Amino acid sequence: MSLESHELEDLKTKIGREPTSTELQIVAAEWSEHCSYKSSKKHLKMLPMDGPLVINEKGYDSGVLDVGDGYVITAHIESHNHPSAVEPYGGAATGVGGVIRDILSAGTRPIALLDGLRFGDIEKDQHAKWLFKNAVTGIADYGNCLGIPTIGGEVEFDECYKNYAMVDVAAIGFGKKENLIKNHAKKGDLVVLLGGATGRDGIGGSQFASDSLETEDRSAVQIPDPFIEKLIIEAILEARNEQLIHAMKDLGGGGLSCAVSETADALDIGIEMDVEKVHTRESDMHSDEIMISESQERMLIVTDGEKLIKLRKICEKFRIECSVIGHVTFDNKMHVKKGETTIANISTDVVANATLLDLPSSKPIYLENIESPKQFPQLSDYSEILMKLLGSPNIASKIWVYGQYDHEVGIRTVTKPGYDASVLRLDNGKFLSIKIDGNPKQCYINPREGAIGCFEEACRNVVCTGAKPIGMLDHLQFGNPNDPEIFWTFLESLKGLTDFAKDFEIPCVGGKVSLYNETSDGPIKPTPVIGVIGLIDKKPLMIQKINSGDSLIMVGDTKDELGGSEYSEYIHKFIGGKCPAVDFSESKKNMNSVLDAIENELIKSAHDCSKGGLAIAISELCMINQIGCNVSLEKIPGEKLDSDKILFSESHSRYLLTIENKNLPKLEETMKKHNVSYSLIGEFTGNSICFTRDSKPIIDLSVDKAQNTWYNSLREMVLHA
Amino acid sequence: MANYRVHVTIENKPGISDPEGKTILNDLVLKGTHQNVTRINTAKMLKFSISEHDKDAAQTKVQEICDELRIYNPMVSVVTIDVFDA
């Protein structure tokens, strides 16, 4: 856990002398992959980051979007994979805490959380079960204590995460544009550390996150304290209202080292600080430990002497500690003292800007033939397979997870978890829809198409609520980047996301790269997780209950794309086949047609087809509405395919619309206007999920039986198996 | 074989914060008249009753159970095991 030899040489050249031990610690923390993005930064620039609604300000940790009427929303995504893999409860909880402080540091109030969780095979692996159960509890305990609703997310299991945990947290903030912190500093301004005491927990966490998990060195666990976090939120927002904050940054990976150097570098100032002024939990802490401790629930604030008096009063009121640890200078140096002794004095530009790498990449050999198709045996009855899929860990209802989260606190949640995307009410009468999606199975088979697929799926989900996508968050999670094959998959995914973002004019407003995600069995599958934020100007689609006689319309073509599907992998244990690919023009047409239908109030509900394919998506509609259906496979739009391909292919850009028959002519008109491929594929009736092909039954499954399995199997797996 | 009572105390490692203990200290104890209290740590205790050959065997067995079943996470917590005659 220190600099590599060439980095040490680099540092020596840059500062022209031997670094002190404290300087070494500071630079090692800041130059770690986790803080510096040294492997990825050069390439991340390709993503489009500007747009008509994007507000860019120096030093922001979160993306800011203008939602009109003087209001903004902020959004950010972070992961806490390494800490969660060794201590799932605390790791997941502190992951939530960290991303909330990123939202707070822009001067906005956090209003919603989303979590993406990934673990190993919970059907067989006791350890995966333990990780899963505790990570969910950690998130629930932390978010619920703070009074911030956890409104959605996703859960997935794959053997590539054996003994590992992927915990991604996205947070959304809301506030007035005029209250945004305009990060700036004047000479003589004071630097204040506010919040929890600095302790030995999480020493060296960011370097730890940049190493593979093979070593037993796991001292870097952090203990969550949601009550201090809540007090910090309220204190900061009060200080913001009284305009006491010149600049602000949360302390995350790399602790004080990173917060101080990055603040100074972003604002083009210097900071002189004294480690003895930092309030610590233990009296015998070494100054290097103080500089790199990753104790949670701390914020760095730049203010002036006059405002400090008021700030102290607010801190007293909320009973949180605050210490003046230093002041702003204009020499662009990070000057750290211990009392009167200088222990580090180094240019912030050197600390905050690690030498960026241009790592080699080469196409992985495993990809050569992975997309060659495989024919599975055709059955006359797929009822049993559908049942098996409905009870499988990746498809079963996640109610056991989101049922533990308070998703309504704050009374903004209009559409709650369990549907395509959740919807939040904003104070200006508009609505916000958010969803995060990932699909490592498809990204493994085709990193480019898989990543685009995650992006499009998240778009589809927000479109199903009536929202137009306005911003994207990307979280790129891969194995060791020094492996050219892994780095190639990273680049391919990134290029795919860039192409889609540019074509659809959806700016990337925030993101994170997490590398070195490796287990004892090797690297994880490429796991980009994409969050899409959608805005609804008028009103969201209020989902209505489906009644007997209502029709089911399908928009978008079903293709021969079983690669990475649950059907291939869970039922046939086959990794490979053609990965679903997004046709950009088709995708755009389909999105617009669905938005048009929602805006004109033609439909009762819209649902996207994704994991498990068409058969699962239709079953979900039946189970949620407790009604049967009759669907004819020969009417499904797209070329003529085998029944299993129609049922379980996970082709993108497909939507299921439910509609009262009286609105059918108008809907057809809309679909024709947008020139999309669509068809009336069936109707809702009875108590059974029925699929037929040329009048022959293919699936006949009782809704009650299906629902029982779908709702309960995940809980059974976690608690009783 | 004799019966033993075994108390397993699970608490955070020294140096790791204990928000619950700190809250009890600051918001309950120090708000009263007990200003001489300087620290409170929370812990969880499991009380086992077990029959074993001797005290040492009882202690070893319980330690094994705690490790194997992940009764505590060694990354965060330490356990103290006390054995008493039943």
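Chains as they are written, first to last, in our numbering: chain C, -2 to 718; chain S, 134 to 219.
Note that the Cβ used here is the ideal one computed from N, Cα and C, for glycine as well.
This structure is a prediction, so every number in the text was calculated from the model and none was measured.
Under 7 Å by beta carbon: chain S residues contacting Asp285/C: Within 7 Å Cβ-Cβ: nothing; Asp285/C doesn't reach chain S, min ~16 Å.
Beta-ladder partner(s) of Leu654/C, from DSSP: Leu654/C pairs with Ile550/C and Ala603/C.
Minimum C-alpha distance to Val164/C - residue among Asp66/C, Pro374/C and Ser76/C: Checking every option, the nearest Cα to that of Val164/C belongs to Ser76/C.
Coarse secondary structure for Gln439/C, derived from DSSP in three states: Gln439/C falls in the helix class under three-state DSSP.
Min CB distance Gly165/S to chain C below 9 Å: No, Gly165/S lies away from the interface with chain C (no Cβ there is under 9 Å from its Cβ).
Beta-carbon neighbours of Val209/S, restricted to chain C and to distances below 8 Å: Result: Glu84, Gly87, Val218 and Ile220.
Stretch-stretch touch, CB-based, cutoff 8 Å, three pairs: the segment 498 to 507 of chain C with the segment 56 to 75 of chain C: Taking 8 Å as the limit for Cβ pairs, the verdict is that the segment 56 to 75 of chain C does touch the segment 498 to 507 of chain C.
Per-residue contacts from Ser150/S into chain C (C-beta, under 7 Å): By Cβ distance, chain C contributes Gly196, Asp198, Ile220, Asp222 and Arg278.
DSSP state of Cys461/C mapped onto helix, strand, coil: Cys461/C: coil per DSSP, three-state reduction.
Residues bridged to Thr71/C (per DSSP): Partner residues in the beta bridge of Thr71/C, as assigned by DSSP, are Val61/C and Gly170/C.
Distance, Lys42/C Cα to Gly135/C Cα: Taking the straight line from one Cα to the other gives about 34 Å.
DSSP beta-bridge partners of Val299/C: Paired residue(s): Val188/C and Ala244/C.
Any chain C beta carbon closer than 9 Å to Arg172/S: Cβ-Cβ to chain C under 9 Å: no for Arg172/S.
Min CB distance Arg98/C to chain S below 9 Å: No - not a single Cβ of chain S is within 9 Å of the one on Arg98/C.
Within chain C, partners of Asn169/S - CB distance below 8 Å: Residues of chain C passing the Cβ test: none, with the nearest at roughly 19 Å.
Rounded C-alpha distance that separates Leu128/C from Val459/C: Going by the C-alpha atoms only, they are around 30 Å apart.
Same chain, Cβ closer than 6 Å to Glu318/C, five either side skipped, listed in chain order: Cβ neighbours of Glu318/C beyond the five flanking positions: His276.
Bridge partner(s) assigned by DSSP for Thr156/S: In the DSSP assignment, Thr156/S is bridged to no other residue.
Contact the segment 542 to 559 of chain C vs the segment 511 to 520 of chain C: 3+ CB pairs below 8 Å: Touching, no, given that fewer than three Cβ pairs across the two stretches are closer than 8 Å.
Beta-carbon spacing of Ala132/C, Pro223/C below 9 Å: Cβ distance not < 9 Å, so Ala132/C and Pro223/C don't count as in contact.
Ranges of the alpha helix (DSSP H) found wholly within the segment 474 to 509 of chain C, counting only runs of at least 4: Listed in chain order, they are 481 to 501.
Under 8 Å from the C-beta of Thr175/S: neighbouring residues of chain C: In chain C, no part has a C-beta under 8 Å from the C-beta of Thr175/S; the shortest such distance is about 12 Å.
Per-residue contacts from Trp127/C into chain S (C-beta, under 8 Å): Per Cβ cutoff of 8 Å: Arg203.
Any chain S beta carbon closer than 9 Å to Ile289/C: Output row for Ile289/C: interface = no.
From Asp151/S, Tyr137/S and Ala135/S, residue whose alpha carbon lies closest to that of Arg278/C: Sorting Asp151/S, Tyr137/S and Ala135/S by C-alpha distance to the C-alpha of Arg278/C places Asp151/S at the top.
Residue span of the beta strand (DSSP E) that contains His332/C, given as start and end: His332/C -> beta strand (DSSP E) spans Lys330 to Lys335.
Nearest-angstrom Cβ-Cβ length linking Phe645/C and Gly609/C, presumed shorter than 8 Å: So it is a contact: roughly 7 Å between Cβ atoms.
Where Ile97/C sits in the DSSP three-state scheme: Helix at Ile97/C.
Chain-order list of residues whose beta-carbon lies under 6 Å from that of Lys334/C (same chain, five-residue window excluded): Excluding positions up to five away in sequence, the list reads Asp271.
Buried or exposed (CB count within 10 angstroms, at least 16 for buried), Pro577/C: Classified as buried, Pro577/C has 16 or more neighbouring CB atoms from the shown chains inside 10 Å of its CB.
Counted within 10 angstroms of its Cβ, other Cβ atoms place Asn136/S as buried (16 or more) or exposed: Under this definition Asn136/S is an exposed residue.
Per DSSP, the bridge partner or partners of Gly144/C: DSSP output for Gly144/C lists no bridge partner at all.
Any C-beta of chain C under 9 Å from that of Asn136/S: No, because no Cβ of chain C sits closer than 9 Å to the Cβ of Asn136/S.
Neighbour flag for Arg316/C against chain S, beta carbons, 9 Å: Closer than 9 Å to some Cβ of chain S, the Cβ of Arg316/C qualifies, so yes.
Chain-ordered neighbours of Thr156/S on chain C, where CB pairs are closer than 7 Å: Against chain C, a Cβ distance below 7 Å from Thr156/S picks out Phe224.
Length of the line joining the Cα atoms of Leu364/C and Thr495/C: Looking at the backbone, the Cα of Leu364/C and that of Thr495/C are separated by about 22 Å.
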